[in-house]
Amino acid sequence: MPFGLCNAPATFERLMERVLSHVPRQHCIVYLVDLRVHVGDFEGALRNLREVFATIRQAGLRLNPKKCQLFRRETAFLGHIVSADGIATDPAKIAAVRDWPPPTNVSDLRSFLGLVSYYRKYVQDFATIARPLHCLTDRGQPYVWDDPCAQAFNVLQTALITAPVLAYPDANRPFILDTDASNVGVGAILSQQSDSGEQVSRPDPFPPETLPVHAPPHLRDYVLDGGVAGDG
1 MPFGLCNAPA TFERLMERVL SHVPRQHCIV YLVDLRVHVG DFEGALRNLR
51 EVFATIRQAG LRLNPKKCQL FRRETAFLGH IVSADGIATD PAKIAAVRDW
101 PPPTNVSDLR SFLGLVSYYR KYVQDFATIA RPLHCLTDRG QPYVWDDPCA
151 QAFNVLQTAL ITAPVLAYPD ANRPFILDTD ASNVGVGAIL SQQSDSGEQV
201 SRPDPFPPET LPVHAPPHLR DYVLDGGVAG DG
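UniProt numbering puts the last residue of the sequence shown at 232; the count rises by one with no breaks.
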């Protein structure tokens, strides 16, 4: 399929999903041209790589060796750095946030919000912090960059520059679900207590108009087993 056609990405994704349909997601994740083969040990990595390579070859597809990275302890994937420690922001993407000048028009502001919103799970109270900026993008709203907007912009930049590494959930530990709400935001934090007594968490902040009040949907899969202590 030629590059540039509007349906090319979706068509290629369907192809890759079909080709790798019998490969368990625990072995390989695919998104367009990005394939992530993962496992916890070297022998398992060899086994999973053979499985994926054989499947690709059988489908008549080819991989570019120059673009392959093998046996990495951490890797960039869809704007994140994935390692044994957890999931972190990609420094290359965060550099763009750090160097972004104060937006001078709605179009530039929307571009900034689109980038930082992708990393909203790293920022506690994201919806509340970003509220002045979102209000500035409303239809018919005059573009006036005032002190609340400048403060929100600076806080988001700082929060993402210093964003934490999000730890992986441990199925053997209970989850702690904290919820809160205000007139401008609804939030939920799912956390677990580490061996040192620290609480490691995954925040999920949303503007109130986008989140059903009965449950935080992105956290549902983690709490279905009922091992949750709540604090709302």
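Ideal placement from N, C-alpha and C gives every residue a C-beta, glycine not left out. Bear in mind that the values here come from a model prediction, so they are computed numbers and not experimental data.
CB-CB length for residue i against residue j, believed under 8 angstroms
i, j, result
"Ala152", "Ala130", "6 angstroms"
"Ala96", "Leu115", "7 angstroms"
"residue 245", "Leu160", "Outside the displayed span of the chain (1 to 232) sits residue 245, for which this structure offers no information."
"Tyr122", "Pro91", "Their Cβ separation, rounded to whole angstroms, is 13 angstroms, which puts Tyr122 and Pro91 out of contact at 8 angstroms."
"Thr137", "Leu109", "6 angstroms"
"residue 235", "Ala167", "With the chain represented from 1 up to 232, any question about residue 235 goes unanswered, as that position is not in the structure."
"Pro132", "Pro148", "4 angstroms"
Boundaries of the beta strand (DSSP E) in which residue i is found, first to last residue
i, result
"Ala181", "Phe175 to Ala181"
"Val123", "Premise fails: Val123 is in no beta strand (DSSP E) and is neither H nor E."
"Leu35", "Asp34 to Val37"
"His80", "His80 to Ser83"
Range of the contiguous alpha helix (DSSP H) that encloses residue i
i, result
"Arg62", "It is not in any alpha helix (DSSP H) - Arg62 carries neither H nor E in the DSSP assignment."
"Arg14", "Ala8 to Val19"
"Phe112", "Val106 to Tyr118"
"Thr89", "Run containing Thr89: none in the alpha helix (DSSP H); it sits in the beta strand (DSSP E), Ile87 to Thr89."
"Thr75", "Here Thr75 belongs to no alpha helix (DSSP H); instead the beta strand (DSSP E) covers Glu74 to Phe77."
"Cys28", "Where Cys28 is concerned, there is no enclosing alpha helix (DSSP H), although the beta strand (DSSP E) it sits in stretches over Cys28 to Tyr31."
"Val155", "Asp147 to Ile161"
Of the residues the options, the one placed nearest residue i, counting alpha carbons only
i, options, result
"Ala45", "Arg25, Asp85 and Phe71", "Phe71"
"Ile29", "Arg73, Phe42, Val52 and Ala181", "Val52"
"Pro169", "Asp147, Gln157 and Gln193", "Gln193"
"Lys67", "Lys93, Pro174, Glu43 and Val33", "Val33"
"Ser107", "Cys6, Ala10, Tyr143 and Gln69", "Tyr143"
"Arg62", "Met16, Phe42, Phe77 and Phe126", "Met16"
"Arg98", "Asp41, Thr162, Ala127 and Glu43", "Thr162"
"Gly40", "Ser191, Asn64 and His27", "His27"
"Leu20", "Glu43, Leu5, Asn48 and Gly4", "Asn48"
"Ser111", "Phe77, Arg25, His134 and Asp85", "His134"
"Asn183", "Ala127, Pro24, Val23 and Gln141", "Ala127"
"Pro65", "Leu35, Arg220, Tyr31 and Gly79", "Leu35"
"Leu113", "Leu78, Gln157 and Arg73", "Gln157"
"Asp85", "Gln141, Arg73 and Leu78", "Arg73"
"Phe12", "Tyr31, Arg220, Asp125 and His80", "Tyr31"
"Val37", "Val82, Asp180 and Cys6", "Val82"
"Val155", "Trp145, Asp125 and Gln141", "Asp125"
"Thr179", "Leu190, Asn172 and Ala171", "Leu190"
"Ala54", "Val23, Ala88 and Asp146", "Val23"
Residue i at chain C interface by Cβ criterion, 8 angstroms
i, result
"His134", "In summary, chain C is missing from the structure at hand, where a single protein chain is found."
Inset, instruction - May I ask you to verify whether the segment 89 to 106 touches the segment 52 to 72, counting CB pairs closer than 8 angstroms and requiring at least 3? - result: no
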